[in-house]
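Take a look at the structure set out below.
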Amino acid sequence: MDLITEIYRRLYEAYGPQSWWPAETWFEVVVGAVLTQNTAWKNVERAIENLKRAGLLEPRKLYETNDEFVEMLIKPAGFWKLKARRLKNLLQKLAEHDFDFYRLRESLTRDELLSVAGIGPETADSILLYAFEQPVFVVDNYTRRIFTRVGVLNGKENYSQIQSMFQRAVKDIETMKEYHALLVEHAKKVCKKREPRCDSCALKDLCQTWNKVRSETAV
DNA sequence: GTCCAGTTAC
DNA sequence: GTAACCGGAC
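For what it's worth, numbering that gives the first Met the number 0 labels the leading residue of the first sequence as 0, then goes sequentially.
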């Protein structure tokens, strides 16, 4: 069994099903994917709640709202001026498909998303996978951190190289959704940037970083 | 590498 | 105080 599959099994065993993305509608996934760029999810939740209360978590409504009002509502998520612009850019693209879920799911391509200013590979793939059920693996900073520490990556691979590696091992959409969610959970709870909790890590026996520390502190 | 630029964790 | 946060553009 390959390492990628084994790590999935370990994480699933440790954390259980995550049932991602945490959102009620496809459009909430889209908005959340933009707002969470380099931002703690807790702050994104506040921004989404503000949009929801204002009745703007609906594509046409948000598209027609002036930027200043949107900026005010999404402030808790940070980068507010930038992200209001990015949401508008993205909405303009969705408008080309009449904001229609089924039409978008049929015809919205990755290249189209990447052509939108402010939508990079991770945001595009999050939208494709979690909003429109397309089989793409989402690579984020957490994925890089965990697999670099374990020793599968050397830290110099680019996005598409890492994505290819996962997509060779994982084929079905549900596992792709679950795997990324489990990596996020693991990175937040255990494989943290500062003071990782290696002692309680489900991957420690597979992890180069952990084994290095162990061999150096052994008597 | 730097900017963006709010909120929490440490 | 400052590092970190489900990045992307320049």
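Backbone N, C-alpha and C define an ideal beta-carbon position, used for all residues, glycine too.
Touch check for the stretch 40-57 and the stretch 112-124: three-plus C-beta pairs under 8 angstroms?
Look at the beta carbons and you see the stretch 40-57 not touching the stretch 112-124: under three pairs across the two are nearer than 8 angstroms.
- Measure the Cβ-Cβ separation of V137 and H96 and say whether it is below 9 angstroms. The criterion of a C-beta distance shorter than 9 angstroms is not satisfied by V137 and H96.
TODO: Quick one: give me the first and last residue of the alpha helix (DSSP H) that V149 is part of.
DONE: From DSSP, the alpha helix (DSSP H) with V149 extends over 140-149.
- Query: Just to confirm, are Q36 and F78 a CB contact at a threshold of 9 angstroms?
  - Reply: Yes.
According to DSSP, simplified to helix, strand and coil, what is H96? Look at H96 here: in three-state DSSP terms it is coil, with no helix or strand label.
**Message:** Going by DSSP in three states, M164 sits in which element: helix, strand or coil?
**Reply:** M164 sits in a helix when the DSSP states are folded into three classes.
Problem set entry | Extent of the continuous alpha helix (DSSP H) run through Y11 | Taken as a continuous stretch (DSSP letters only), the alpha helix (DSSP H) holding Y11 covers 2-14.
ask   = Can you list the alpha helix (DSSP H) stretches of 4 or more residues lying completely in the stretch 20-65, in chain order?
value = Within the stretch 20-65, the complete alpha helix (DSSP H) runs of at least 4 residues are 25-34, 40-52, 58-63.
(request) Starting from P120, trace the alpha helix (DSSP H) both ways and give me its first and last residue. (result) Where P120 is concerned, the enclosing alpha helix (DSSP H) stretches over 120-125.
How many whole angstroms separate the CB atoms of P75 and A32, which I take to be in contact at a CB cut-off of 8 angstroms?
In fact, because the Cβ distance is near 16 angstroms, the residues do not count as touching under 8 angstroms.
- Message: On a Cα-Cα basis, can you pick out the residue from L103, L34, R9 that is closest to V69?
- Response: Residue L34 holds the alpha-carbon nearest to the alpha-carbon of V69 among L103, L34, R9.
Checklist entry - Using CA coordinates, which residue listed in D66, G119, L72, Q17 is at the minimum distance from V43? => result Nearest option by C-alpha distance: L72.
How about Y62 and K82: do their beta carbons lie closer than 9 angstroms?
-> Contact: no.
DSSP state of E156, grouped into three classes?
DSSP, read as helix, strand or coil, puts E156 in coil.
Just to confirm, does E48 get its C-beta within under 8 angstroms of one of the non-hydrogen atoms of the ligand ATP? As for the ligand ATP, it is missing from this structure, which has no ligand bound.
**Asked** Taking DSSP as the reference, what is the three-state secondary structure of E67?
**Response** E67 carries a helical assignment under DSSP once its states are collapsed to helix, strand and coil.
query = Going by the beta-carbon positions, is the gap between L2 and L181 smaller than 9 angstroms?
reply = Contact: no.
From K60, T142, D66, residue whose alpha carbon lies closest to that of I6 | I6 has its Cα closest to that of T142, out of K60, T142, D66.
**Report entry** Own chain residues within Cβ distance below 8 angstroms of D139, not counting five before or after
**Finding:** E121, H179, L182, V183, listed in sequence order.
Taking the continuous alpha helix (DSSP H) assigned at V183, which residues delimit it?
172-188 is the extent of the alpha helix (DSSP H) around V183.
How is S18 classed by DSSP in three states: helix, strand or coil? In the three-state reduction of the DSSP assignment, S18 falls in the coil class, being assigned neither a helical nor a strand state.
Q.
Rounded to whole angstroms, what is the Cα-Cα separation between R59 and A94?
A. Cα-Cα distance, rounded: 8 angstroms.
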